[in-house]
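J.:
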Amino acid sequence: MGVCPSFLRPIRSTTLDALGESPHNGDTIPTSSTENPVQLSTVPEHSPRLEELEIEIREKLRDLEIPDSGIILPQKLEELWYSTYHRKFYSRWPWFNEKWDLSNGMREYNKIISILILARFTGWDKFEEIFITGKRNDTGLPFPKSELERTDFLGRDFGPNFWKEQWAVCPLVIKEQQDPYKLTGDLANQKLPYLGKPKPIGDGATGDVYEQEVAARHIQFSERGDLTENVKSKKIACKIVKKNRIEPIEFENLITLRSETIRHSRIMVNIATIVQEDQKLGELHVILYDLAAYDLYEHLHNGILSSNRFDPEEDHRNDRARRHDSAGPKRNNSHQWWAGDLLQESRHLADALRFLHDELELVHNDLKPDNILVFYPNSSRADETYPVGQWKIADFGLAKIKKRSDPAKGHHLHPGPQDIDKTHRRKRSAEGHPPSLTPAKRDPGKYTAPDVRAKNERIDAKAADVWGFGCILAEVFACAVAPHLMKELEQELEKPLRIDQRFYDINTWKVKESFQTWLNDLPGRCKGSQAAPPWIQKCVDLINSILVDDPSSRKHAWHITTELDRIARSMERQHQWHVEDRALSSSSSPADPDCDSSGDSTGLSEDRSGTEVGTPIPEGNSRRNSASSRFSDRAETYGSPEHSNLRPTPSNSSSIPKINVVDAAGN
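Position 191 of the sequence shown, counting from 1, maps to 191 under full-length UniProt numbering, and the rest follow consecutively.
1. With respect to the alpha helix (DSSP H) encompassing glutamate 59, which residues constitute its N-terminal and C-terminal limits?
2. Report the rounded CA-to-CA distance for phenylalanine 131 versus valine 169, giving the unit in angstroms.
3. Between the region 142–158 and the region 171–181, do three or more beta carbon pairs fall short of 8 Å?
4. Would you call proline 650 buried or exposed, if buried means 16 or more other Cβ atoms sit within 10 Å of its Cβ?
5. Alpha carbon to alpha carbon, what distance is there between alanine 272 and leucine 522?
6. In chain order, what are the residue ranges of uninterrupted alpha helix (DSSP H) at least 4 long that sit wholly in the region 477–520?
7. Around the Cβ of asparagine 332, are there at least 16 other Cβ atoms within 10 angstroms (buried) or fewer (exposed)?
8. Using the three-state DSSP reduction, which class does isoleucine 546 fall into: helix, strand or coil?
9. Count Cβ pairs between the region 363–382 and the region 292–301 that sit closer than 8 Å; are there 3 or more?
10. Using 8 Å as the cut-off, can you tell me whether the region 225–243 makes contact with the region 276–292, which would need three or more C-beta pairs spanning the two stretches below that distance?
11. Just to confirm the assignment: which complete beta strand (DSSP E) runs, minimum length 3, are found wholly within the region 207–235?
12. Are the Cβ atoms of valine 452 and isoleucine 536 separated by less than 8 Å?
13. In whole angstroms, what separates the C-alpha of aspartate 208 from that of proline 200?
14. What would DSSP say about valine 388, mapped onto helix, strand or coil?
15. Suppose you measure from the CA of asparagine 507 to the CA of isoleucine 274; what does that come to, to the nearest Å?
16. In angstroms, rounded to a whole number, what distance separates the CA positions of phenylalanine 375 and leucine 489?
17. Report the rounded CA-to-CA distance for glutamine 220 versus isoleucine 71, giving the unit in angstroms.
18. If we ignore side chains and look at the alpha-carbon of each, how far apart do asparagine 365 and phenylalanine 469 end up?
19. Say the cut is 7 Å; is the CB of proline 74 nearer than that to a heavy atom of the ligand COA?
20. Closest to proline 67 by C-alpha separation, out of Gly196, Ala216, Lys232 and Thr139, would be which residue?
21. Would you give the residue range spanned by the alpha helix (DSSP H) that lysine 76 belongs to?
22. In or out: alanine 394 buried (at least 16 other Cβ within 10 Å) or exposed?
23. With proline 450 and tryptophan 518 assumed to form a contact (beta carbons below 8 Å), what rounded beta-carbon distance in angstroms separates them?
24. So is glutamate 492 buried or exposed if we call it buried at 16+ other beta carbons inside 10 Å?
25. Starting from phenylalanine 162, trace the beta strand (DSSP E) both ways and give me its first and last residue.
26. Is it the case that the Cβ atoms of leucine 291 and lysine 239 are separated by a distance below 8 Å?
27. Give me, in chain order, the residues of the same chain whose beta-carbon lies closer than 7 Å to that of tyrosine 109; leave out the 5 immediate sequence neighbours on both sides.
28. Arginine 263 to leucine 254, Cα distance in whole Å?
29. On the premise that alanine 474 lies in contact with isoleucine 543, defined as a C-beta separation below 8 Å, what is that separation, rounded to the nearest angstrom?
30. Go ahead and pull the three-state DSSP assignment for glycine 445.
31. Residues in the same chain with beta-carbon distance under 7 Å from glutamate 147, minus the five sequence neighbours each way, listed in chain order, please.
32. With a 10 Å radius around its C-beta and 16 neighbouring C-beta atoms as the bar for buried, classify glutamine 279 as buried or exposed.
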């Protein structure tokens, strides 16, 4: 038989007989204003002894600990007590009060009681004095070690054990905008509210990125001054940076970007930053972000935009299965997109870059598709959808903020590439990455401006950002015209020596002639006798004005935003006209499969299946001719090698093969 807890010893023998114990001589009965002798004397004979009950509860608590993270969720803890052990345990103590319990007063001690049981506490006769009279309840957790070891608290006998066990039941509740959380020193053992092992999903300029799932009600978001919780578990992205790789400027950037008065919807801001001590890795900085579906490179090359299947519905299901999506199926119409959606998102990115350059005086220094994150949000507005996702600029580990008091107000100049270039040359590690997120061939310097590579003493960093955006826009444009053109663009960029995919020649520091020829010839490659949609030529002209050798001659971000806005608005208007005109003329059929004779005013040619290649994906493969439809149909032969309208671009531009252009509202 075990040793009876000391609080039982003063209780009269009838109660102890029911518990299977005998009183000890010499003990005095402590006085308690809350003692209820009747309740204490009516414990059922079949109830386990308190020592056995504590062992049983301790085992149940250990079972509730989540593997890997070692935390016990509050809702699970409450279920444990109020479904099984509340009456069994609480009602046996002198400090139990029926009226107080009915008012849920005892709920304020569920965590503390659990910790005491885990810590094998034996001074239960002093519980009322220490916790109830001392006004220490669950809201005060976690208690500092120095306070726990005070003689009027738990002292050195039980204080250390309580301090060690308390972390399981009080994981960190992450509050947005309170950066950083410093889990060092006395708080080094505080656990993060994770529900499993981290899943590697990528790396940034200064650290590795993992997917984690945070328990429900453990993230508090600040919205117009009010705090809201995640009512369900939430998947987030965690960027982990070791101390020896920390760039202090990154955390300054995060603070600036999190400012309440300075915000742009297409600039990625963090949820919180945590500084944590790890026994093996030392001090770590954990930056928490909303989890994206994927980055823009993955979206363009391996996502739904690059679909080559005959069954678009199956393709869409497969894409959703591997991406993170906060919205329900088809909520954002991602199964039906058109070229105008891509240009609209490009406009938002350009405006975000303008905001960084003009409002924050900040340059990114590492702008590339890897650092553009794609989200599929579940907007509260039913009419707000994102068919190609919502794109946001992320990873500000290399960004530089120019002080407003800097007298050199015009161009944003920084020292040469000794600091910037080393990261642009950084190779993307494949370790720990899912196969879909690790491209087989990818040049890390592809989006770097030639003036950065030229080892100039001083560079215009804003102009270098604009160059990177121009490279991204060229890839998005290729996808908008016809997704399979992205592969052709890569092949052109590998010329003449096939040693890299940069947009400039490393020998001349000038834009590659092969790229310029390919780009300028696109408008003339439309099938049939009719002209290409005007938006194609406008995009070609815009890209040519961005990707210029002289940094001072490149367009500014606000110029690019304005021009993309004009193009996108024109596409939207002409697309609506095209859909309405097509609906009116749907009863007629084209006489020549290479010419559009159906009354379509867009001048788009059609392939032999009667639909435009590269158009958005309809539901199923059925034709849609409704005048209210925003989307045109997609060719069933799209992406099939034997039916492809494209061949490798010959060196003689006069023999460039014709292409079917995406129905992008082009006139």
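Note that beta-carbon positions come from the ideal geometry of N, C-alpha and C, so glycine has one too.
T.: Result, derived from the coordinates:
1. Per DSSP, glutamate 59 belongs to the alpha helix (DSSP H) from 50–64.
2. Each residue's Cα considered, the two are about 17 Å apart.
3. The region 142–158 vs the region 171–181: no contact.
4. Model confidence at proline 650 stands at a pLDDT of 39, short of 50, so the residue's coordinates are unreliable; what they give is reported in the following sentence. By the neighbour-count criterion, in which 16 or more other beta carbons inside 10 Å mark a residue as buried, proline 650 falls on the exposed side.
5. If I take the Cα positions, the gap works out to 45 Å.
6. Complete alpha helix (DSSP H) runs here, min 4: 485–493.
7. By the neighbour-count rule (16 or more Cβ atoms within 10 Å), asparagine 332 is buried.
8. Isoleucine 546 falls in the helix class under three-state DSSP.
9. Touching, yes.
10. Using a Cβ-Cβ distance cut-off of 8 Å, the region 225–243 and the region 276–292 are in contact, since at least three pairs of beta carbons, one from each stretch, lie closer than that value.
11. Qualifying beta strand (DSSP E) stretches, in chain order: 208–214, 219–223 and 226–229.
12. Not in contact: valine 452 and isoleucine 536 (Cβ atoms no closer than 8 Å).
13. A straight line joining the alpha-carbon of aspartate 208 with that of proline 200 spans about 8 Å.
14. Valine 388 falls in the coil class under three-state DSSP.
15. Distance between the alpha carbons of asparagine 507 and isoleucine 274: 45 Å.
16. Rounded to whole angstroms, phenylalanine 375 to leucine 489 spans 26 Å at the Cα level.
17. Going from the Cα of glutamine 220 to the Cα of isoleucine 71 covers about 18 Å.
18. One C-alpha to the other measures close to 11 Å.
19. By its list of ligands, the structure shown contains no ligand whatsoever, and the ligand COA lies outside what it can speak to.
20. Closest by C-alpha distance to proline 67, out of Gly196, Ala216, Lys232 and Thr139, is Gly196.
21. Per DSSP, lysine 76 is one residue of the alpha helix (DSSP H) stretching across 74–80.
22. Counting the other CB atoms within 10 Å of its CB gives alanine 394 a total of 16 or more, which places it among the buried residues.
23. The beta-carbon distance between proline 450 and tryptophan 518, rounded to whole angstroms, is 18 Å. This is too long to meet the 8 Å contact definition.
24. The residue in question, glutamate 492, is buried, as its Cβ has 16 or more Cβ neighbours within 10 Å.
25. For phenylalanine 162, there is no enclosing beta strand (DSSP E); the residue is part of the alpha helix (DSSP H) that begins and ends at 155–165.
26. Inclusion of leucine 291 and lysine 239 in the CB contact set at 8 Å is not warranted, their separation being larger than that value.
27. The residues are Phe131, Asn137 and Asp138.
28. The straight-line gap from Cα to Cα measures roughly 12 Å.
29. Right, their Cβ atoms sit about 5 Å apart.
30. In the structure shown, glycine 445 sits in coil (DSSP, three-state: anything other than H, G, I, E or B).
31. So the list reads Phe153, once near-sequence residues are dropped.
32. Taking every protein chain shown into account, the CB of glutamine 279 has fewer than 16 other CB atoms within 10 angstroms, so this residue is exposed.
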